[in-house]
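Residue numbers for the sequence shown follow this note's numbering, beginning at 6 and rising by one.
Cβ atoms here follow ideal geometry from the backbone N, Cα and C, with glycine treated the same way.
Just so it is clear, the structure is predicted and the values come from calculations on it, not from any experiment.
In what follows, a structure is listed as structure tokens, so that the remarks can point back to it.
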Amino acid sequence: MKIGVLALQGSSEPHLQSLRNAGETPVAVRQLPHLDGLTHLVIPGGESTTLWHLMNLFGLWDEIRERHQAGRLALFGTCAGAILMGRDDGQYPPRWGVMDADVARNDYGRQSDSFTANLPLTGLDGGSFRCVFIRAPRFVRVGDELEVLAWNEQDPVLVRGPGFLAATFHPELTDDPSIHRLFMEVDPSLAHRLDSLPVTGR
Ligand code: GLN
């Protein structure tokens, strides 16, 4: 297993540090050759439109989707990264459409409406996680094949699906590497295309 963090814009350095704390030796991904040999890739929070532009510019947008759908690269999208993984709804920026979920940008309000919450997390032995939401998106629908691992009131905030993990908060902004460890357990070979999957969910 080898893990990378997309490092074109946004919160990449804290993710690299969290992974080092979890005992990994992560790679900062800025160009195509950096993807070679990777089995896991974190798409950090930041600004989703900027991330989309920069990934296109560096030839990473299509390549990351193809590797994921071919079962070679597990993805962990956090905040802006989760937005990009959702179903493409024709809105800006375009989405990869690798995760059967609809993710609404800035749905908790403005930057000043950012908040933190201690939330129980499935798979964390009954412990809770300090979740930092920064101008966060909201999962407005999650497909039936997704497992919700954490909720904030009635909103899913951490989900696991075949070959991926996605969070609407910033797990890299705490000292707790347990969610990064959870990502290392995701099997990339389970990823599949969504093309023929009907839109279902809650
Ligand atoms: N508001 C940002 C966007 O829509 C996401 C914020 C974040 O990643 N913290 O792209």
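Length of the line joining the Cα atoms of residue i and residue j
i, j, result
"Ile139", "Arg77", "30 Å"
"Gly148", "Phe81", "17 Å"
"Asn123", "Leu43", "32 Å"
"Gly50", "Asp94", "20 Å"
"Arg198", "Arg92", "11 Å"
"Trp66", "Leu56", "9 Å"
"Thr121", "Pro203", "34 Å"
"Gln178", "Pro19", "According to the sequence provided, residue 178 is Leu. The question's Gln does not apply to it. Computed Cα separation, rounded: 7 Å."
"Ala231", "Leu37", "The chain is shown from 6 up to 207; residue 231 falls before or after that span and cannot be answered."
"Ala75", "Gln116", "36 Å"
"Leu46", "Met6", "11 Å"
"Leu13", "Tyr113", "25 Å"
"Leu126", "Arg72", "29 Å"
"His58", "Glu152", "30 Å"
"Glu52", "Gly15", "7 Å"
"Ala155", "Met104", "17 Å"
"Ser133", "Tyr97", "34 Å"
"Leu187", "Ala79", "12 Å"
"Asp192", "Asp118", "35 Å"
Span of the beta strand (DSSP E), counted from its first residue to its last, around residue i
i, result
"Leu170", "Phe169 to Ala172"
"Ser23", "Note, Ser23: premise wrong, no beta strand (DSSP E); alpha helix (DSSP H) at Ser17 to Asn26."
"Thr127", "Where Thr127 is concerned, there is no enclosing beta strand (DSSP E), given that its DSSP letter is neither H nor E."
"Arg188", "Here residue 188 is Phe; the residue named in the question, Arg, does not match the sequence. Here Phe188 belongs to no beta strand (DSSP E); instead the alpha helix (DSSP H) covers Ser183 to Met189."
"Leu117", "Checking the displayed sequence, the identity of residue 117 turns out to be Ser instead of Leu. First-last for Ser117: undefined, no H or E at that position."
"Val137", "Ser133 to Phe138"
Helix, strand or coil at residue i [DSSP, three-state]
i, result
"Asp107", "strand"
"Glu150", "coil"
"Arg143", "strand"
"Gly82", "strand"
"Ser194", "helix"
"Leu89", "helix"
"Leu178", "helix"
"Pro38", "helix"
Exposure of residue i, with buried meaning 16 or more beta-carbon neighbours within 10 Å
i, result
"Met90", "buried"
"Phe169", "buried"
"Arg25", "exposed"
"Asp107", "buried"
"Gly28", "exposed"
"Ser17", "buried"
"Ser23", "buried"
Near the ligand HEM: residue i beta-carbon under 7 Å from a heavy atom
i, result
"Ser53", "This structure simply doesn't include the ligand HEM; it includes the ligand GLN instead."
Residues that residue i bridges to, as DSSP identifies them
i, result
"Ile8", "His45"
"Thr30", "In the DSSP output, where bridge partners are listed per residue, Thr30 has none listed."
"Leu163", "Ala155 and Ala172"
Range covered by the alpha helix (DSSP H) that runs through residue i
i, result
"Asp67", "Trp66 to Gln74"
"Ser53", "Ser53 to Leu62"
Interface flag, residue i vs chain D, CB-CB below 8 Å
i, result
"Gln74", "No chain D is part of this structure, which consists of one protein chain only."
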